[in-house]
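Asker: What follows is a structure written as structure tokens; I'll ask about it next.
Protein chains: 2
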Amino acid sequence: MAENVIHPLFDPCDRGKTASPAELAAIFRPSAIAVVGASGRPGSVGQSVFSNILYGGFAGTIYPVNLTAHSINGVRAYRSLAEIPDPVDLAVLIVPAAATPAMAREAAAKGVKGLIVISAGFRETGPAGAEIERELQTVCHEHGMRLIGPNCLGVINTDPEVRLNASFARRRALPGHIAFISQSGALCTAVLDFAAKRNMGFSKFISVGNKADVGELALIRYLHEDPQTRVIMMYVEELRHGFEFIETVREITGGDRPTPILAIKSGRTAAGAKAASSHTGSLAGSEEVYNALFQQAGIFRVQTIEELFDYAIAFGNQPLPRGNRIAIVTNAGGPGIMATDVTIQTGLRLAPFEETTTAALRSHLPAAANIANPVDVIGDARMDRYRDALEAVLADGNVDGVIFILTPQSMTEIEATARVIPDLARQSGKPVIASFMGLMDVSPGVEILEANRIPHYHFPETAARAMAALYQYSRWITREHPEAGPLPVDRPRVRRVIETALAAGRHYLGEAEGNEILAAYGFPVLPARLATSAAEAAAAVAALGTCAFKIVSPQIVHKTEAGGVRTGIATPEEAAATYEEMVARVRANRPDAAITGVYAQQMARSGMEVILGINRDKVFGPLLMFGLGGIFVEVLKDVSFRLAPIRRNGARFLVDSIKARPMLTGARGLPPRDVDELERCLLRLSALAVDHPEIAELDINPLFVHEAGAGCSVADCRLLLDPGRACPKPPD
Amino acid sequence: MAENVIHPLFDPCDRGKTASPAELAAIFRPSAIAVVGASGRPGSVGQSVFSNILYGGFAGTIYPVNLTAHSINGVRAYRSLAEIPDPVDLAVLIVPAAATPAMAREAAAKGVKGLIVISAGFRETGPAGAEIERELQTVCHEHGMRLIGPNCLGVINTDPEVRLNASFARRRALPGHIAFISQSGALCTAVLDFAAKRNMGFSKFISVGNKADVGELALIRYLHEDPQTRVIMMYVEELRHGFEFIETVREITGGDRPTPILAIKSGRTAAGAKAASSHTGSLAGSEEVYNALFQQAGIFRVQTIEELFDYAIAFGNQPLPRGNRIAIVTNAGGPGIMATDVTIQTGLRLAPFEETTTAALRSHLPAAANIANPVDVIGDARMDRYRDALEAVLADGNVDGVIFILTPQSMTEIEATARVIPDLARQSGKPVIASFMGLMDVSPGVEILEANRIPHYHFPETAARAMAALYQYSRWITREHPEAGPLPVDRPRVRRVIETALAAGRHYLGEAEGNEILAAYGFPVLPARLATSAAEAAAAVAALGTCAFKIVSPQIVHKTEAGGVRTGIATPEEAAATYEEMVARVRANRPDAAITGVYAQQMARSGMEVILGINRDKVFGPLLMFGLGGIFVEVLKDVSFRLAPIRRNGARFLVDSIKARPMLTGARGLPPRDVDELERCLLRLSALAVDHPEIAELDINPLFVHEAGAGCSVADCRLLLDPGRACPKPPD
């Protein structure tokens, strides 16, 4: 189980993602299970899995398969799958890795539809193990069996109609409404231990192991349909799906009947630096890709295992707030201030109370109490004062949720106070989150809260953070979906340019071809001509007005260094002279280069310089980048990312997420810029990236964004083609 | 105890900060205590405090004072302090607030040297209570008594020679090496509860309440001398000391025998926006002031109560790492990756192992284990494998500390593994921090770790963060102290300029006077002259070379808007014409303004624009600001702060902490700038702020920083004087 030794995937387009809920039913709701490798030897995994199923109260029939034993734990055993007299839907394999492909074949012959392979010794151990895993995968594919694992802890389903614990976990999962998907088996054992102590219940508990077949996407789809599951927790080391993951999961997290998903992604710093020639490539690490993926899919990313628990408890047990106006009720000033600090920092705010609320608080609380928000019922408060205050603030139309803080002081009625919260919370339909501070004195109160589905945290800051997470998710599910409007594109023209270049063995495309491609997708490209003589150069300036000249040569990528760039050429005479000079200078500097001519392009009006870029991740496909030009990108790394395709919201996100955004919207007396047209350019960029997988990298640097209503101009661009890109094209 | 109602301080320069360790001994190590208001009534505070002292095993003599009872809990009671037949050093008062001044007088008459006033009803309740507090304070001052409180939970000293629990806490503090100072009494009760569960021991436990006399500074000084105290934890809502706090505490946290201090400061978002006319003022919130204060004093600021515990446990029990090279030992890949992520993010790095270490690991661990860092002993590891791996990595000269992770798997020997860690850690002299994941299965192991002073955290991320905190502190105590070099100043000249302006009723000073002030402190001010006629303007340009002209008028602050700024005036003829034009234009625009003339100043060579500023906090005194000009300050708020006075390190910190620092050190092919001279300018700014408290605000905007070796130039400045500034001047 050395999980940190990662070998290359052998099926990045794995069909496991397509496992349907009906197919997965063989794994989660089997009628009959064969446990191949079941054992009576104490401490063995075969014993552990078998007894977990048997004593876990499985509602179907269990058949141990063991070469030598007549029975195991009193249950009649069979020497092989074939010997079992009845049909079997699920086989759990706990046999040496090398034996699993043959065993999978036997299972298929028996009519088994689902496999859980607990055994280790596959891809995680090196090339030989990877070969066995590939064979196992092939058998499953050929026979239409679905597979969880190999190298996993197993699967738990607490549904009272099923009661399946097909795992070797030391602890049981309590029934509940949280589903957990984990890529680390070791973490599963720790999670069950934490959960037991915090009274957290699970609907399903799935250790996915090496994900040779079934992966996160299929499981998320299944769990979304599962009536027991209210929230999904994931521990992820790597995902293998790009746009189809986003498209499916965003409907699940943000559709009509949303299921929130919380994920922790580890291995953040493990990814080595990538060699990349473009700005976009050098700034786009795997962290940026995963952040984009989670954001676009509406998955709430957390940073630590502790947060995963903290937020799952809130999402699984409380309604979402309709807004960010929070009331705090406390019996101590200090903790109230702590909660207020976090409340404000996380985008929540303190609700301003209605007059009736203030009047109610004044009538119920002593004069020394603080009846403004945060409400301080003060240290000698008994249950009644807490109850009256909570009732008053929950009834307030300005209050979207309540953070309830208790410190154990001498007069405090810990249990009685805990008992009044759940009913008041439920009746109000608003989220209430509690912090009873301490670990020992308050514990009877905490048990009452947890048993009654009031999320509880030892520290008021954590309670405030959990409330903020609920609010953030409520904003995701209620977000607007603005229309992008029609953006006509000319695909065949781009295809011709790309094919011509690739046929000539050219991978770097400069401005001439780059601009043709961009123009075909509606980008505001400046008028330009290729001049192959001084006379043509003069004619170009006569026709286009003041121009920039850039040398055109297949051998020259860095034109400035070669002396091949001049700007501000205003007259035909200047144009002719500049042409001759430039060609002579470049010829002297680069005698190796064949000079095609000079690219004469109309000078752009001034504008705010921004960079638009495409980079391609080998798993997730095209990544879009946006940033302000110059120091903002190069020194401050102030850039934003999304995976393509994006919609209007995605384009807006790209623009809104950079810190220097005020530069576009009118900071320091600067004019507001044409952000509308900028967003359309980002949508065009997305379409280009999706339609033409051969575009490996693209930098538009800079794009000038003119004043509001005045559009944008592409001032320079560079493309890198890669004919080897075989990523599947997403649907239109 | 409505602690969030804060009334104004009545003694910002309180003498409580000067309480000497000898004076505080009356409170922490009394021989005889009188408990005034001791009571036999169950549930009363008087009963609670008295029985805590009595049953806490106090090593001296206790005298209950009660008007009616003959004895309390079997101890002979007295009707008044005067009646007690023996000397008393400490009196604990639990009587109505209004009675405390008289009682304090009685105590003084009895020869009492220390008071703990538990009672509430003082400043926290409003003006009437504040008046009582002031009277109590006065009595103490007059009679040389030291006072803790009022409105506090009390004081605990676990020293076995004293064993004093003069508090009404529900729980006792275990003896240990952490001192806790809290401004919230309610938080004290919660902290004792958490600590009991985590086996945390305290040396002293002090609820400071309203801090009418003794505050944090005196306590920190006392605790630094206390042999029982190894680390100080503080919960702070407000501090009342500025530079003297920094100067004293930096020696305590970073001197020869350092005591680490961890602090949480709440009320971060409570401070309202300040109206301020300068850049510095508008950017300097109370958060920035406290951050500067803590950083300069070497106090480790944490964000949550949980972090306060987490780090105190590490600081109190482990040595500091000599460097940032960490080894991780784990039995599961996932948690190892999580710890690695946090390790890298927090400035630590994974140690590259020596060859002997790799060889030792290879010989002790199975083939499937990972012998590179993070070391994975894999899931079936028993105690011996863990022991051998830990021993090997601790012996490695490249390893500065170890993070030890255990997940409870079927073969794991939890207790045996816990038992081998402490000795190996101690022998190595390196810090070892553990995470045994889970809450139930691992708890016997956790108890062994805690009993043997190995810091333990449920989550590996927290363990990594605690190690990073130790490393960060080790950098503070080993930091260098570069010399600033001599920076001559002409104080009397500045004093004359300020006094002249104030005598004329002028508070805003423009460039002419501002430059004189700056020049007197050695700032690189550009040569300039005041021209009061076209002829003088021409002469100025003839003498100085190309100039900028700015109108001089006491009525005009915004010169550009009035048409009173022109740059690049190169010839005497242009100068004369510009003078006439400018005066005419300003006269037309601002007929109300009296025009003194035109300030002709040599144009600065180009350079990177930076802003230097002074703002003044009413408690903490002068605050220095630094940032890059333009968008960096106005849009990105990329600025840094320090409280004056600063030394060379402080100047360097100001420059190094801005995100745009690469702009000064040669980003994007820009030349490196004269950061040395910039740092000297910041030291001059500090001297100016300290020497002249009448300077309420100062912006140097911009200062041009030229290329390395070429110095800086002040291009513009503005001052605001405030004659009412009565902050005490710090010593030279």
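Residue numbers (my numbering), protein chains in the order written: chain A, 1 to 732; chain B, 1001 to 1732. All residues carry an ideal CB built from backbone N, CA and C; glycine is no exception.
So, helix, strand or coil for B/Q1228, using DSSP?
Answerer: Here B/Q1228 sits in coil by DSSP.
Asker: Determine the burial state of A/E573: buried for a count of at least 16 other Cβ atoms within 10 Å of its Cβ, exposed for fewer.
Answerer: Label assigned to A/E573: exposed.
Asker: Report the residues of the region 41-59 of chain A with a CB closer than 8 Å to any CB of chain B, ordered along the chain.
Answerer: Cβ contacts with chain B come from G43, V45, S48.
Asker: Between A/I448 and the rest of its own chain, which residues show a CB-CB distance below 7 Å, the 5 nearest in sequence each way excluded?
Answerer: Here the set comprises E415, A418, R419.
Asker: Suppose you measure from the CA of A/V302 to the CA of A/K113; what does that come to, to the nearest Å?
Answerer: The straight-line gap from Cα to Cα measures roughly 35 Å.
Asker: Rounded to a whole number of angstroms, what is the C-alpha to C-alpha distance between B/A1604 and B/P1527?
Answerer: B/A1604 and B/P1527: Cα-Cα distance of roughly 10 Å.
Asker: Assign A/P227 to buried or exposed, taking buried as 16 or more other Cβ atoms, counted over all protein chains shown, within 10 Å of its Cβ.
Answerer: Exposed.
Asker: Excluding sequence positions up to five away, which residues of its chain have a Cβ less than 7 Å from the Cβ of B/I1027?
Answerer: Within the same chain, B/I1027 has close Cβ partners L1090, G1114, I1116, R1146, I1148, V1155.
Asker: What residues of chain A sit near B/T1571, judged by a beta carbon separation below 9 Å?
Answerer: Residues of chain A passing the Cβ test: none, with the nearest at roughly 28 Å.
Asker: If you measure from the beta carbon of B/A1660 to each beta carbon in chain A, is any gap under 8 Å?
Answerer: It does; some Cβ of chain A falls within 8 Å.
Asker: With 8 Å as the threshold, decide whether the Cβ of A/I305 is near any Cβ in chain D.
Answerer: This model lacks chain D altogether; the protein chains it does include are A and B.
Asker: Where A/N52 and B/D1441 are concerned, what is the direct C-alpha to C-alpha distance, given to the nearest angstrom?
Answerer: Taking the straight line from one Cα to the other gives about 17 Å.
Asker: Can you tell me which of the three DSSP states A/R585 falls into?
Answerer: A/R585: helix per DSSP, three-state reduction.
Asker: Ignoring anything shorter than 4 residues or poking outside the region 15-69 of chain A, list the alpha helix (DSSP H) runs there in chain order.
Answerer: Those alpha helix (DSSP H) runs which fall completely within the region 15-69 of chain A and span 4+ residues are 21-28, 45-55.
Asker: Helix, strand or coil: which one does DSSP assign to B/L1639?
Answerer: What sits at residue 1639 of chain B in the sequence shown is Val, not Leu. Strand at B/V1639.
Asker: Helix, strand or coil for A/I631, going by three-state DSSP, please let me know.
Answerer: The answer is helix: DSSP assigns A/I631 an H, G or I state.
Asker: What residues in the region 1376-1388 of chain B have a beta carbon less than 9 Å from any beta carbon of chain A?
Answerer: Result list: D1376, I1378, G1379, D1380.
Asker: Does the region 31-38 of chain A touch the region 78-95 of chain A, meaning 3 or more C-beta pairs lie closer than 8 Å?
Answerer: Because the criterion of three Cβ pairs below 8 Å is met, the region 78-95 of chain A and the region 31-38 of chain A touch.
Asker: Going straight from the alpha carbon of A/N589 to that of A/P554, what length do you get?
Answerer: Each residue's Cα considered, the two are about 15 Å apart.
Asker: Answer with yes or no whether the minimum CB distance from B/E1697 to chain A is below 8 Å.
Answerer: Cβ-Cβ to chain A under 8 Å: no for B/E1697.
Asker: Using 8 Å as the limit for Cβ to Cβ distance, is B/P1408 near chain A?
Answerer: It does: the Cβ of B/P1408 has a partner Cβ on chain A nearer than 8 Å.
Asker: Give me the DSSP bridge partner(s) of A/C712.
Answerer: For A/C712, which the question treats as bridged, DSSP gives the partners A/V705.
Asker: For a quick check, are the C-beta atoms of A/A389 and A/H364 less than 8 Å apart?
Answerer: Yes.
Asker: Of all the CB atoms in chain A, is at least one closer than 8 Å to the CB of B/Y1471?
Answerer: No, B/Y1471 lies away from the interface with chain A (no Cβ there is under 8 Å from its Cβ).
Asker: So with Cβ pairs under 8 Å, would you call A/A186 a contact of chain B?
Answerer: At least one chain B Cβ lies under 8 Å of A/A186.
Asker: Say whether the region 1677-1696 of chain B touches the region 1632-1649 of chain B, bearing in mind that this needs 3 or more beta-carbon pairs closer than 8 Å, one atom from each stretch.
Answerer: The answer is yes - the region 1632-1649 of chain B touches the region 1677-1696 of chain B, with three or more Cβ pairs under 8 Å.
Asker: Starting from B/D942, find everything on chain A with Cβ-Cβ shorter than 8 Å and list it in chain order.
Answerer: Here chain B comprises residues numbered 1001 to 1732, so residue 942 of chain B is not present and cannot be evaluated.
Asker: Confirm, please, whether the CB-CB distance from A/A190 to A/M234 is below 8 Å.
Answerer: No, they are not a contact pair.
Asker: So which of A/A327, A/I326, A/V393 has the shortest CA-CA distance to A/A733?
Answerer: Since the first residue shown for chain A is 1 and the last is 732, residue 733 of chain A is missing from the structure and cannot be characterised.
Asker: Kindly list the residues whose CB is nearer than 8 Å to the CB of A/L670, restricted to its own chain and excluding five residues on each side of it in sequence; keep chain order.
Answerer: Closer than 8 Å at the Cβ level, and outside the excluded window around A/L670, lie M608, M663.
Asker: Using DSSP with H/G/I as helix, E/B as strand and the rest coil, what is A/D89?
Answerer: DSSP places A/D89 in coil when its eight states are reduced to three.
Asker: Between the region 1551-1565 of chain B and the region 1576-1590 of chain B, do at least 3 Cβ pairs fall closer than 8 Å?
Answerer: Touching, yes.
Asker: Excluding five sequence neighbours on each side, which residues of the same chain lie with their C-beta closer than 6 Å to the C-beta of B/P1205?
Answerer: The question names Pro, but residue 1205 of chain B is Phe in the sequence shown. Contacts found: I1156, A1173, F1180.
Asker: Suppose the cutoff is 6 Å on Cβ atoms and the five residues either side in sequence are ignored; what does the same chain contact list for B/R1493 look like?
Answerer: Excluding residues within five positions, the ones whose Cβ falls inside 6 Å are A1520.
Asker: Excluding the five sequence neighbours on either side, which residues of its own chain have a C-beta within less than 7 Å of the C-beta of A/D716, listed in chain order?
Answerer: Answer for A/D716: E511, N701, P702, listed in chain order.
Asker: Using 10 angstroms around the beta-carbon of B/M1411, count the other beta-carbons present and answer buried if the total reaches 16, otherwise exposed.
Answerer: Per the 10 Å Cβ criterion, exposed.
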